[in-house]
Amino acid sequence: MSEVAGLGLGGVDVSAVPHRRVVALARYGMAAKATALRRHPEPRRLATLVATVRSLEAKAVDDALELFDVLMTNDLLARAARESRNEKLRRYPRLAKDAGKLAAAVGVLLDALEHEEQLSLDLVWEEIESKVSRADLRAAVAHLMEVAPPADADPDGEWRTALVDRFASVRAFAALLCETIEFGATAQAAGVLAAMNTLPGLLDARATVAVPTGYLDARRVAEDVVPAGWWRRLVYSADRPEGTVDRAAYVFCVLEQFHRHLLRRDIYASPSARWGDPRSKLLTGPAWDAAKGPALNALGLPEDPRELLAEHAQELDGAWRALSDGLVADSEVHVDSDGRLHADKI
Numbered sequence: 002m003s004e005v006a007g008l009g010l011g012g013v014d015v016s017a018v019p020h021r022r023v024v025a026l027a028r029y030g031m032a033a034k035a036t037a038l039r040r041h042p043e044p045r046r047l048a049t050l051v052a053t054v055r056s057l058e059a060k061a062v063d064d065a066l067e068l069f070d071v072l073m074t075n076d077l078l079a080r081a082a083r084e085s086r087n088e089k090l091r092r093y094p095r096l097a098k099d100a101g102k103l104a105a106a107v108g109v110l111l112d113a114l115e116h117e118e119q120l121s122l123d124l125v126w127e128e129i130e131s132k133v134s135r136a137d138l139r140a141a142v143a144h145l146m147e148v149a150p151p152a153d154a155d156p157d158g159e160w161r162t163a164l165v166d167r168f169a170s171v172r173a174f175a176a177l178l179c180e181t182i183e184f185g186a187t188a189q190a191a192g193v194l195a196a197m198n199t200l201p202g203l204l205d206a207r208a209t210v211a212v213p214t215g216y217l218d219a220r221r222v223a224e225d226v227v228p229a230g231w232w233r234r235l236v237y238s239a240d241r242p243e244g245t246v247d248r249a250a251y252v253f254c255v256l257e258q259f260h261r262h263l264l265r266r267d268i269y270a271s272p273s274a275r276w277g278d279p280r281s282k283l284l285t286g287p288a289w290d291a292a293k294g295p296a297l298n299a300l301g302l303p304e305d306p307r308e309l310l311a312e313h314a315q316e317l318d319g320a321w322r323a324l325s326d327g328l329v330a331d332s333e334v335h336v337d338s339d340g341r342l343h344a345d346k347i
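Here the working numbering is used: the first residue of the sequence shown is 2, the next is one more, and so on.
Structure follows, in structure tokens:
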């Protein structure tokens, strides 16, 4: 891919040439023999060369990003999720046993609260110990405290922890990705792309006394792209040296967000047929001015969308309020004063 891009023909402006013509020239350039190409005049040979190289470069970019997508989805994300799931299954018998002991103790406490007469602590403990000993109860609590995630933990946090262990498999790929492919981004994803572009320099940084192997200088990373929850706990681990972040966790944090934005095309590649910017195909300027009237008339839409959007917003608000009014009070599903829907586990 680097050799094809190094020819420098991908940046040639061919916007004045119909897309179908460029595709036809590229297809001909790939299929024709050298003797047939030599018989054409120089302008035709040059046009065929430009179209063919542009097509090859786009295909190379598509193939590289397809490989990246497969690597992230199947080899890394899916495997990490599978390992996390297997670990949960391995721990389940012990967790179920410990949870049963705690449930028995808490059940006694709840029964004591409902008792007409106030029971002494000694009587309550006597009843608890008839079901589970204090030593077993302490051991169960200690074990659950070790494995239970925090109350505000990301439900995907455990597989993200497993993902970090596969850092070696993506180090070279992460460094090469932005060095060989030109990416663009929307305003929403610009910060993630900027963080991705800094990965090669961060990965090449030499270890020092202040920043030992396995860590990055916290001043050089993009803190704003590290979301709260598990990623922040992994990147800013409690046992890290002061002024550093965990290297593997930060790289995977950026890679996961880069991959997610790439799938939504908030981050896009150029040139590329599959991973390009879909917004670039929208009509603009005189072309849009010429097509706007007939298109709006055919769709029955006004030129100024504000009134139509206000009508739809009013209808949506009315439907949402009707739904809220129809919900049973104190049920598993309710809408709060800010209009947010809450559903308890069913």
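All residues carry an ideal CB built from backbone N, CA and C; glycine is no exception.
Which value, in whole angstroms, describes the spacing of the CA atoms of residue i and residue j?
{"i": "H260", "j": "Q315", "result": "36 Å"}
{"i": "D157", "j": "A250", "result": "The predicted position of D157 is uncertain, since its pLDDT is 48 and thus under 50; a value taken from the coordinates is nonetheless stated next. So the alpha carbons of these two residues sit roughly 14 Å apart."}
{"i": "R22", "j": "N75", "result": "37 Å"}
{"i": "K60", "j": "P44", "result": "24 Å"}
{"i": "L103", "j": "P94", "result": "15 Å"}
{"i": "R40", "j": "F174", "result": "43 Å"}
{"i": "E115", "j": "G101", "result": "21 Å"}
{"i": "A323", "j": "A330", "result": "14 Å"}
{"i": "E333", "j": "D345", "result": "5 Å"}
{"i": "D205", "j": "N198", "result": "13 Å"}
{"i": "A239", "j": "D218", "result": "15 Å"}
{"i": "L66", "j": "L96", "result": "41 Å"}
{"i": "D337", "j": "L310", "result": "25 Å"}
{"i": "A169", "j": "R220", "result": "23 Å"}
{"i": "D137", "j": "L111", "result": "20 Å"}
{"i": "S121", "j": "A143", "result": "26 Å"}
{"i": "A48", "j": "A292", "result": "30 Å"}
{"i": "E130", "j": "L145", "result": "19 Å"}
{"i": "R307", "j": "H313", "result": "10 Å"}
{"i": "L283", "j": "E147", "result": "54 Å"}
{"i": "H20", "j": "S281", "result": "13 Å"}
{"i": "W139", "j": "H343", "result": "Looking at the sequence provided, one finds Arg at residue 139 rather than Trp. Approximately 35 Å between the Cα atoms of the pair."}
{"i": "L124", "j": "A141", "result": "22 Å"}
{"i": "T1", "j": "P272", "result": "Nothing can be reported for residue 1: it is not among the residues displayed for the chain, which extend from 2 to 347."}
{"i": "D318", "j": "S325", "result": "11 Å"}
{"i": "E304", "j": "P287", "result": "16 Å"}
{"i": "L328", "j": "R167", "result": "47 Å"}
{"i": "R135", "j": "L264", "result": "53 Å"}
In three-state DSSP terms, what is residue i?
{"i": "A186", "result": "strand"}
{"i": "S271", "result": "strand"}
{"i": "D157", "result": "For D157, the predicted model reports a pLDDT of 48, less than 50, meaning its position is unreliable and no value from the coordinates is stated."}
{"i": "S16", "result": "coil"}
{"i": "A229", "result": "coil"}
{"i": "T199", "result": "coil"}
{"i": "H343", "result": "strand"}
{"i": "L217", "result": "strand"}
{"i": "H41", "result": "coil"}
{"i": "V222", "result": "coil"}
{"i": "H144", "result": "helix"}
{"i": "H313", "result": "helix"}
{"i": "V212", "result": "coil"}
{"i": "V329", "result": "coil"}
{"i": "H335", "result": "strand"}
{"i": "V171", "result": "coil"}
{"i": "A323", "result": "helix"}
{"i": "S56", "result": "helix"}
{"i": "K132", "result": "coil"}
{"i": "D240", "result": "coil"}
{"i": "G34", "result": "Per the sequence shown, the amino acid found at residue 34 is Lys instead of Gly. K34 falls in the coil class under three-state DSSP."}
{"i": "A206", "result": "coil"}
{"i": "L120", "result": "coil"}
{"i": "E127", "result": "helix"}
{"i": "E67", "result": "helix"}
{"i": "E180", "result": "helix"}
Would you grab the beta carbon distance between residue i and residue j for me? Rounded to a whole angstrom, and I think it's under 8 Å.
{"i": "V15", "j": "V51", "result": "7 Å"}
{"i": "E183", "j": "A270", "result": "7 Å"}
{"i": "E128", "j": "V107", "result": "Rounded, the Cβ-Cβ distance is 12 Å, inconsistent with contact."}
{"i": "F69", "j": "L178", "result": "7 Å"}
{"i": "L200", "j": "M73", "result": "The pair is not a contact, with the Cβ atoms about 14 Å apart (cut-off 8 Å)."}
{"i": "A176", "j": "H262", "result": "So it is not a contact: roughly 19 Å between Cβ atoms."}
{"i": "Y216", "j": "D267", "result": "That belief does not hold up - the Cβ atoms of Y216 and D267 are roughly 29 Å apart, past 8 Å."}
{"i": "V236", "j": "V193", "result": "The pair is not a contact, with the Cβ atoms about 14 Å apart (cut-off 8 Å)."}
{"i": "L77", "j": "V171", "result": "7 Å"}
{"i": "D99", "j": "W276", "result": "At roughly 48 Å, the Cβ-Cβ gap does not stay under 8 Å, so D99 and W276 are not in contact."}
{"i": "D290", "j": "G185", "result": "In fact, because the Cβ distance is near 25 Å, the residues do not count as touching under 8 Å."}
{"i": "G362", "j": "W321", "result": "Given that the chain is displayed from residue 2 to residue 347, the structure contains no residue 362 and the question cannot be resolved."}
{"i": "A223", "j": "A195", "result": "7 Å"}
{"i": "V133", "j": "A105", "result": "5 Å"}
- Task: Decide if the segment 225-241 is in contact with the segment 198-212; the criterion is three or more beta carbon pairs, one per stretch, under 8 Å apart.
- Result: no
- Indicate whether the contact test is met: 3 or more Cβ pairs, each with one atom in the segment 49-63 and one in the segment 24-39, closer than 8 Å. yes
- In the segment 242-309, which residue ranges form an unbroken beta strand (DSSP E) of at least 3 residues, counting only runs that do not cross its ends? 245-247 and 268-271
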